[in-house]
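Down below is the structure, laid out as C-alpha cells.
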Amino acid sequence: DAGITQSPRHKVTETGTPVTLRCHQTENHRYMYWYRQDPGHGLRLIHYSYGVKDTDKGEVSDGYSVSRSKTEDFLLTLESATSSQTSVYFCATQGRKGGDTEAFFGQGTRLTVV
Amino acid sequence: AQKVTQAQTEISVVEKEDVTLDCVYETRDTTYYLFWYKQPPSGELVFLIRRNSFDEQNEISGRYSWNFQKSTSSFNFTITASQVVDSAVYFCALTSNNAGNMLTFGGGTRLMVKP
Chain A
1 DAGITQSPRH KVTETGTPVT LRCHQTENHR YMYWYRQDPG HGLRLIHYSY
51 GVKDTDKGEV SDGYSVSRSK TEDFLLTLES ATSSQTSVYF CATQGRKGGD
101 TEAFFGQGTR LTVV
Chain B
115 AQKVTQAQTE ISVVEKEDVT LDCVYETRDT TYYLFWYKQP PSGELVFLIR
165 RNSFDEQNEI SGRYSWNFQK STSSFNFTIT ASQVVDSAVY FCALTSNNAG
215 NMLTFGGGTR LMVKP
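First to last, the sequence lines map onto chains A and B. Per this note's numbering, numbering through the first sequence is continuous, rising by one, with the last residue being 114. Per this note's numbering, numbering through the second sequence is continuous, rising by one, with the last residue being 229.
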C-alpha cells in the first residue's frame with residue numbers, strides 16, 4: 001500500500017474560519033488528488049495535482065484551494081468554511097496518469113463545520 | 115462527460131448467498147479504465163480491480179468475479195458465497211485518457227451480509 005497520511009483525521013470548525021487539510025505521501029507519486037465523499041454522491045474530485053506547483057480544478061472546486069510545494073505534500077484549504085463543506089475528505093495518489101494504474105487513498109479526514 | 119451509475123444503493127443478503135453489484139458507465143472515449151473499490155466500515159478505500167476497455171475478459175479472484183460487457187456499458191461485480199466480512203460500501207469508478215486523470219465514481223452500493 002502507498003504510504004499516504006492525512007492530517008488531521010477529524011476536525012470540527014466554525015463557519016467562516018479557514019481550514020487546511022494535509023496529505024503526505026512517501027511513494028514519490030507524481031499525481032495527487034483531493035476528493036470529498038457525501039452520501040449518494042460517491043467521491044467527487046475537488047482538485048488535483050500533476051506535479052510540484054501544477055494543480056487544476058476538479059468537479060467541485062468552488063470554495064477550495066490547493067497547494068503543492070513539494071512532491072510529498074498536497075494541501076487542501078477551505079478558505080471560509082461553510083456547513084455544505086461538512087464531509088469526509090480523501091487524498092489519493094497515483095504513480096502514472098489516468099487509468100495506467102490504480103489510485104491509492106488515504107484514510108480520510110472527517111470535517112464538520114458548525 | 116463521464117458518468118457511473120450504481121442503481122442499487124443498498125443490498126442485504128444472508129451469509130453464503132451470491133450477490134451481484136451493478137455498475138453502468140457512460141463515456142465517449144474509446145480508451146477508458148474501470149475500477150472497483152471497497153470501503154469497509156473502518157472507512158478506508160481498498161482497490162479491488164482495474165480493467166481497461168480493450169480487455170473484456172471476465173476476471174475471477176477467489177469469491178470475487180467481474181463481468182465486463184462493452185455492449186451494455188456494464189462492469190458488474192459478483193461475490194459468491196458472501197461472508198459477513200464482505201459488508202461494505204462498494205464503488206465503481208471510471209477514467210479515460212481524455213478525462214484529465216479524473217476518476218468518476220458511482221454513488222456506491224452498501225452491501226450488508228447478515229449471519
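Cβ coordinates follow ideal geometry from the N, Cα and C atoms, glycine included.
Closest Cα partner of residue i within the set the options
{"i": "T223 (chain B)", "options": "B:N212, B:V128 and B:V133", "result": "B:V133"}
{"i": "P154 (chain B)", "options": "B:V128, B:W180 and B:Q197", "result": "B:Q197"}
{"i": "A115 (chain B)", "options": "B:K130, B:F205, B:Y139 and B:V127", "result": "B:Y139"}
{"i": "L162 (chain B)", "options": "B:N212, B:S175 and B:T209", "result": "B:S175"}
{"i": "A92 (chain A)", "options": "A:T15, A:V12, A:I46 and A:T13", "result": "A:I46"}
{"i": "S185 (chain B)", "options": "B:E131, B:T141, B:R177 and B:S210", "result": "B:T141"}
{"i": "S7 (chain A)", "options": "A:Q85, A:T13, A:G42 and A:H24", "result": "A:H24"}
{"i": "G58 (chain A)", "options": "A:D73, A:G42, A:V52 and A:W34", "result": "A:W34"}
{"i": "N28 (chain A)", "options": "A:R22, A:K70 and A:Y48", "result": "A:K70"}
{"i": "G16 (chain A)", "options": "A:Y64, A:R68 and A:G99", "result": "A:Y64"}
{"i": "R44 (chain A)", "options": "A:F90, A:R96 and A:A103", "result": "A:F90"}
{"i": "R177 (chain B)", "options": "B:A195, B:Q171 and B:S187", "result": "B:A195"}
{"i": "T144 (chain B)", "options": "B:K152, B:D136 and B:S167", "result": "B:S167"}
{"i": "S188 (chain B)", "options": "B:D200, B:V199 and B:N172", "result": "B:N172"}
C-alpha distance - residue i paired with residue j, whole-angstrom precision
{"i": "D54 (chain A)", "j": "V66 (chain A)", "result": "10 Å"}
{"i": "D169 (chain B)", "j": "P18 (chain A)", "result": "46 Å"}
{"i": "A202 (chain B)", "j": "V160 (chain B)", "result": "11 Å"}
{"i": "T20 (chain A)", "j": "E79 (chain A)", "result": "8 Å"}
{"i": "R164 (chain B)", "j": "P39 (chain A)", "result": "24 Å"}
{"i": "T123 (chain B)", "j": "G221 (chain B)", "result": "8 Å"}
{"i": "F191 (chain B)", "j": "L76 (chain A)", "result": "33 Å"}
{"i": "E14 (chain A)", "j": "S61 (chain A)", "result": "20 Å"}
{"i": "Y146 (chain B)", "j": "N212 (chain B)", "result": "9 Å"}
{"i": "I193 (chain B)", "j": "R30 (chain A)", "result": "34 Å"}
Partners in chain B for residue i, counting only beta-carbon separations shorter than 8 Å
{"i": "G58 (chain A)", "result": "M216"}
{"i": "E102 (chain A)", "result": "F149, F161 and R164"}
Chain B within 8 Å of residue i, Cβ atoms only
{"i": "G42 (chain A)", "result": "yes"}
{"i": "F90 (chain A)", "result": "yes"}
{"i": "G16 (chain A)", "result": "no"}
{"i": "G99 (chain A)", "result": "yes"}
{"i": "G108 (chain A)", "result": "yes"}
C-beta neighbour in chain A for residue i, strict 8 Å
{"i": "R164 (chain B)", "result": "yes"}
{"i": "E158 (chain B)", "result": "yes"}
{"i": "Y139 (chain B)", "result": "no"}
{"i": "S210 (chain B)", "result": "yes"}
{"i": "Y178 (chain B)", "result": "no"}
Start and end residues, beta strand (DSSP E) containing residue i
{"i": "L21 (chain A)", "result": "V19 to Q25"}
{"i": "D116 (chain A)", "result": "Outside the shown range of chain A, which is 1 to 114, sits residue 116 (chain A), and nothing can be said about it."}
{"i": "V114 (chain A)", "result": "Here V114 (chain A) belongs to no beta strand (DSSP E), and DSSP marks it neither H nor E."}
{"i": "K117 (chain B)", "result": "K117 to T119"}
{"i": "M216 (chain B)", "result": "No beta strand (DSSP E) contains M216 (chain B), which DSSP labels as neither H nor E."}
{"i": "H47 (chain A)", "result": "G42 to G51"}
{"i": "V138 (chain B)", "result": "V138 to E140"}
{"i": "F168 (chain B)", "result": "Taken as a continuous stretch (DSSP letters only), F168 (chain B) belongs to no beta strand (DSSP E), as it is neither H nor E."}
Chain B residues whose Cβ lies nearer than 7 Å to that of residue i
{"i": "F105 (chain A)", "result": "E158 and L159"}
Residues that residue i contacts on chain A, provided the C-beta gap is smaller than 9 Å
{"i": "F189 (chain B)", "result": "Per Cβ cutoff of 9 Å: no residues; F189 (chain B) is ~13 Å from chain A at best."}
{"i": "F205 (chain B)", "result": "G42 and L43"}
Partner residues on chain A for residue i, Cβ-Cβ distance less than 8 Å
{"i": "F182 (chain B)", "result": "Ordered by position in chain A, no residue passes the 8 Å Cβ test against F182 (chain B), which lies about 13 Å from the chain."}
Within chain A, partners of residue i - CB distance below 7 Å
{"i": "F168 (chain B)", "result": "Going along chain A, no residue has its Cβ under 7 Å from F168 (chain B), so there is no contact; the nearest lies around 11 Å."}
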